[in-house]
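Everything below concerns the one structure shown next.
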Amino acid sequence: MGRFAGAVNIITTEEDGLPSGLIATAVCSLSFDPPSVLVCINKSASSHDTILRRGIFA
448 MGRFAGAVNI
458 ITTEEDGLPS
468 GLIATAVCSL
478 SFDPPSVLVC
488 INKSASSHDT
498 ILRRGIFA
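Position in the sequence shown (first residue = 1) + 447 = the working numbering.
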């Protein structure tokens, strides 16, 4: 599966002026109105806790 071509998405947020982010491959469109996406993030990812605390990402 390592050679399987697929989309990658950069997920970012910030906390106290410090950027945090990761590259995600498990992302899908959830709805158009309101615009929503679903992102699957491993709990061991370094940005997981920051994204969870902030509640927002780009």
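We put the beta carbon where it would ideally sit given N, CA and C, even for glycine.
Local Cβ density within 10 Å of residue i, reported as buried at 16 or more and exposed below that
i, result
"S493", "exposed"
"L477", "exposed"
Which residues DSSP lists as bridging residue i, in chain order
i, result
"C475", "L485"
"S494", "Answer is none; S494 lacks a bridge partner."
Within 7 Å, strictly: CB atoms of residue i and residue j
i, j, result
"T459", "G468", "yes"
Cβ neighbours of residue i in the same chain (closer than 7 Å, five flanking residues each side left out)
i, result
"T497", "T460, E462 and S467"
Other residues of its chain near residue i: CB distance less than 8 Å, five sequence neighbours each side excluded
i, result
"I470", "V455, N456, I457 and I458"
"F504", "I458, T459, T460, V486 and I498"
"R501", "T460, E461 and E462"
Sequence-distant residues of its chain with Cβ nearer than 6 Å to residue i (five each side left out)
i, result
"I488", "H495"
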